[in-house]
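*Asks:*
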Amino acid sequence: MTEQTMTELPRLLPASPDGRQVQDLHAHLSRYGRLPYRERTGTLIHDLEAAGLTGRGGAAFPVHRKLTAVYEAADQRRRPPVVIANGAESEPASDKDATLLWLAPHLVLDGLQLVAEAVGADTAILYTHADRSNDVGRRLRNAVAEREAVTLDRVPVQLAEAPPRFLSGQETALINHLSGGPSVPTFIPPRPTERGYNGAPTLVQNVETLAHLALIARRGPRWFRAVGTADEPGSMLATIRRADGQPRITEVPLGMPLKELIGDVRPDQAVLLGGYHGTWISGQHAATLTLDNAALATAGARVGAGIVITLPADRCGLVETANVVRYLALESAGQCGPCLNGLPRMAAAFAELARGRARPQTRADLERWCGLVAGRGACHHPDGTANLVRSALITFAAEVDRHAKGRCGAASTAANPRASAKPFLPIPKTTARTEDDWT
Amino acid sequence: MAERTAEKLIVNPIDCEGHGACAELLPELIAMDEWGYPIVDSRPLPPGLERHAKAAVSACPTLALRLLRAEGDRLRR
Amino acid sequence: MWYASRSTGVVLLVLLTLVMLLGLLVTRQGRLPGLPKFAVTGLHRNLSLVAVAFLLMHVLTAVFDGYVHIPLTAAVIPLTSSYERLWLGLGAVALDLMLATIVTSLLRRHLSRKVWRGIHLTAYVSWPVAWVHSVWAGKDLQHGILLVLAVACLLAVFAGVIWRLASAARDVPRAERVNLLMAAVHHRSAAHDRDRERTAAR
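Residue numbers (this note's numbering), protein chains in the order written: chain A, 3 to 441; chain B, 71 to 147; chain C, 57 to 258.
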């Protein structure tokens with residue numbers, strides 16, 4: 003393989019400019035080669051360690067360590083493990099997993115079989131949200147059927163559907179739901195790798211992670227490391243949304259300069275990195291950063307699930323954030339005292355700031371609540387929400403003052419019809435009213 | 071050199087209902103937030119507080135407060 | 057010794073009534089006036105252990121008294137005593153459930169929550185059974201001041217259970233808690249806005 007093809011992108015998405023090319027099994031195997039079952043335990047894990055593949059679901063946990071943990075737990079407890087492909091992309095601002103499942107389902111399914119073999123699993127599940135048109139579901143069912151027809155899969159794959167909640171894709175919540183409970187997080191300990199789906203050692207990997215894994219198994223760790231940085235190798239799918247409004251899914255190397263992703267932005271224009279649990283930073287700052295955790299950490303941000311959104315000049319960051327914080331509060335599982343109590347209050351306080359109706363103690367209350375909720379829930383929902391709020395208070399500090407004086411820096415004002423249009427940051431309708439909404 | 075592995079306190083926020091007995095029995099490590107839920111210092115237990123920590127764990131009506139071995143995630147049995 | 061068995065039995069009934077009432081208080085995070093919060097669980101636990109001591113005395117004095125023959129096994133296996141087979145049998149049932157409750161509580165850390173809770177809930181059965189045993193196994197609680205005492209215990213536990221159920225019925229189910237709180241803080245916020253406008257308008 004020449005150096006040129008090693009660093010060529012995209013890897014996961016079809017090269018064809020017509021992204022709607024149907025990926026049937028035959029086309030998939032022609033393009034990528036046969037599914038390389040390893041037959042010997044440990045070799046895949048070894049390759050993954052050399053490749054340095056980390057989870058692409060947002061947490062960036064080293065994949066080889068997760069696989070090892072599951073393998074060892076299964077061995078110690080003499081209990082066959084379970085592998086789950088997590089395609090329940092609940093982040094409203096992200097679209098990469100749905101796109102991947104639509105365009106390259108067989109890569110994901112290959113990855114699922116390979117991890118099943120590596121840990122000795124007897125159960126494999128692909129977990130996704132129902133999409134409005136059910137097209138993705140149908141394509142996945144067809145893909146699984148194609149593989150069954152030629153007995154390509156050694157572990158039969160079950161397709162399971164996630165409820166339309168923000169926390170549905172959270173690791174312990176999805177295991178809870180699949181095990182027959184509600185789609186809300188559970189406390190750790192025990193770790194899912196130790197005791198998860200129906201009590202078995204469970205591996206949960208994001209679908210994109212599995213797709214990369216399927217290629218590493220074919221092309222080796224050196225190929226994977228040909229792009230990206232030394233500490234954060236490889237490529238990733240990113241959801242980029244510039245001020246013109248339309249989100250684009252592109253595959254980018256880790257370490258790519260953000261400037262190339264966000265294009266020309268005014269220094270005072272704001273950029274949201276990492277989605278609704280992410281971080282607001284100024285355009286000026288963003289232009290100096292690269293898309294990797296080492297660089298973003300200096301700005302208090304993380305790569306997360308690869309979401310980079312530029313706020314248009316005629317949109318108000320405070321109003322948009324207030325909408326998101328309200329959504330996040332409504333999506334709380336309501337299980338943990340600090341989150342249940344803190345997030346609604348944070349949402350109301352932030353809304354006061356956005357409306358310019360803040361009282362003297364509103365800002366202090368907000369800061370205090372951010373500190374009180376972080377790290378005190380069973381999952382990272384309160385932490386992520388606090389992170390978003392804090393970064394908004396910093397990045398939009400000038401805007402807060404303007405709103406307090408009854409003005410707004412966004413080109414449109416309340417009188418402008420644009421302002422009553424749909425929010426720029428998408429807010430799904432939340433309907434959690436009964437226990438059934440969680441199951 | 072410790073003969074026992076260091077222990078730490080953790081609270082399961084799902085089981086915790088904010089009874090508040092723990093904070094009364096171990097104010098050195100457990101404070102109450104403004105909504106009645108415990109803020110637990112989860113660093114390794116300082117010497118001399120182990121008895122009080124066990125009393126606090128014992129007093130929790132929902133068994134939300136637990137004592138864990140500091141380096142592992144296994145519940146101390 | 058026979059009198060010892062009867063008198064420890066009376067004390068035991070009072071103790072178990074208090075333990076029940078304290079248990080109900082714990083589930084609703086109630087407080088005893090003037091006492092810290094941990095006192096409620098603490099008293100509940102300590103009184104139940106004192107009750108175990110009295111239970112032992114109550115059973116042993118009855119068994120080792122020569123007045124009537126009651127084998128020790130009849131204390132744990134219901135309906136095996138020839139003396140007052142039914143009423144003593146109920147006492148054995150209450151004893152078995154009570155010991156199970158106490159042992160599982162002592163070993164709480166090692167059991168799953170469901171198991172511990174399931175056995176603890178049998179208190180709602182063992183208390184009434186113990187009460188029936190108390191009133192009918194002997195004649196002491198059927199006249200005079202002891203009858204008043206027995207009825208008072210019954211009414212107290214009955215009232216306690218009603219209070220506990222009514223209080224729990226007002227609890228908000230998990231899925232609705234977030235919405236309720238969102239609405240509440242929103243109203244508070246809106247009220248603040250109105251106050252501000254009123255003061256600004258003056």
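Positions of the beta carbon are idealized from the N, C-alpha and C atoms, including for glycine.
Note that the coordinates shown come from a computational prediction; the quantities given were computed from them, not determined experimentally.
#1: Three or more beta-carbon pairs under 8 angstroms between the segment 273 to 282 of chain A and the segment 217 to 236 of chain A, yes or no?
#2: Can you look up N208 (chain A) in the DSSP assignment and give me helix, strand or coil?
#3: In the structure shown, what three-state DSSP assignment does P108 (chain B) receive?
#4: Among the residues of its own chain, which have a CB less than 6 angstroms from the CB of V267 (chain A), if the five just before and after it don't count?
#5: For Q78 (chain A) and chain B, any beta-carbon pair shorter than 8 angstroms?
#6: Go ahead and label H199 (chain C) buried or exposed: buried means 16 or more other beta carbons lie within 10 angstroms of its beta carbon, across all protein chains shown.
#7: Report the neighbours of P114 (chain B) on chain C: residues whose CB is nearer than 9 angstroms to its CB, in chain order.
#8: Which of helix, strand or coil does DSSP assign to A164 (chain A)?
#9: Keeping to the same chain, check which residues put their C-beta closer than 7 angstroms to that of S334 (chain A); ignore five residues upstream and five downstream.
#10: I'd like the list of long-range same chain contacts for A206 (chain C), defined as Cβ closer than 6 angstroms, with 5 residues on each side in sequence excluded.
#11: Have a look at E437 (chain A) and P255 (chain A) and give me their C-alpha separation to the nearest angstrom.
#12: So, is L124 (chain C) buried or exposed, given that buried needs 16 or more other C-beta atoms within 10 angstroms?
#13: Distance cutoff 8 angstroms, beta carbons only. Does R169 (chain C) sit that close to anything in chain B?
#14: Quick one: using the 10 Å Cβ neighbour count with 16 as the cut-off for buried, is A239 (chain C) buried or exposed?
#15: Determine, using beta-carbon pairs with one atom in the segment 162 to 171 of chain A and one in the segment 86 to 106 of chain A, whether at least three such pairs fall under 8 angstroms.
#16: Taking CB distances under 8 angstroms as the criterion, tell me whether L230 (chain C) reaches chain A.
#17: Just checking: is the beta-carbon of D227 (chain C) within a distance shorter than 8 angstroms of some beta-carbon in chain A?
#18: For chain C, is any of its Cβ atoms less than 8 angstroms away from the one on G118 (chain B)?
#19: Taking Cβ-Cβ distances shorter than 8 angstroms, what residues in chain A pair up with C86 (chain B)?
#20: Show which residues of chain A have a CB atom less than 9 angstroms away from the CB atom of P83 (chain B).
#21: Does the Cβ of P269 (chain A) have 16 or more other Cβ atoms within 10 Å, making it buried, or fewer, making it exposed?
#22: Would you be able to state if there are at least three C-beta pairs under 8 angstroms between the segment 138 to 156 of chain C and the segment 79 to 97 of chain C?
#23: How about L128 (chain A) and L154 (chain A): do their beta carbons lie closer than 8 angstroms?
#24: Are the C-beta of S170 (chain A) and some C-beta of chain C separated by less than 8 angstroms?
#25: Beta carbons nearer than 8 angstroms to chain B: which residues of the segment 361 to 374 of chain A have them?
#26: Do you know offhand how far G90 (chain B)'s Cα is from A126 (chain B)'s?
#27: Let me know if P134 (chain C) comes out buried or exposed under the rule of 16 or more other beta-carbons within 10 Å of its beta-carbon.
#28: Would you say the segment 352 to 363 of chain A touches the segment 318 to 331 of chain A, given that touching needs at least three Cβ pairs under 8 angstroms?
#29: Which value, in whole angstroms, describes the spacing of the CA atoms of V110 (chain B) and V117 (chain A)?
#30: Measuring CB to CB, does S182 (chain C) end up less than 8 angstroms from A353 (chain A)?
#31: Rounded to whole angstroms, what's the CA-CA distance from V327 (chain A) to V234 (chain C)? Just pull it up for me.
#32: Considering only their Cβ atoms, is the gap separating L291 (chain A) from L260 (chain A) smaller than 8 angstroms?
#33: Give the residues of chain A in contact with D103 (chain B), contact being defined as C-beta atoms less than 7 angstroms apart.
#34: Quick check for students: name the residue ranges of the beta strand (DSSP E) that lie wholly in the segment 344 to 391 of chain A, counting only runs of 3 or more.
#35: Hey, does H166 (chain C) have any beta-carbon neighbour from chain A nearer than 8 angstroms?
#36: Going along chain B, which residues have a C-beta under 7 angstroms from G98 (chain C)?
*Replies:* This is what the structure gives:
#1: no
#2: strand
#3: strand
#4: G285 and T312
#5: no
#6: exposed
#7: In chain order: nothing, as chain C lies at least about 20 angstroms away.
#8: strand
#9: C341, L342, L345 and H383
#10: V191 and L197
#11: Reliability fails at E437 (chain A), whose pLDDT of 42 lies under 50, so the model's placement of it is uncertain and no value is given.
#12: The identity of residue 124 (chain C) in the sequence shown is Val, whereas the question assumes Leu. Burial call: exposed.
#13: yes
#14: exposed
#15: yes
#16: The residue asked about is misnamed: residue 230 (chain C) is Arg in this sequence, not Leu. Yes, R230 (chain C) lies at the interface with chain A (some Cβ there is under 8 angstroms from its Cβ).
#17: no
#18: no
#19: C338 and G339
#20: F189, Q337, C338, G339, P340, C341, R378, G379 and A380
#21: exposed
#22: no
#23: no
#24: no
#25: L374
#26: 10 angstroms
#27: buried
#28: yes
#29: 38 angstroms
#30: no
#31: 13 angstroms
#32: yes
#33: P340 and L374
#34: none
#35: no
#36: A129
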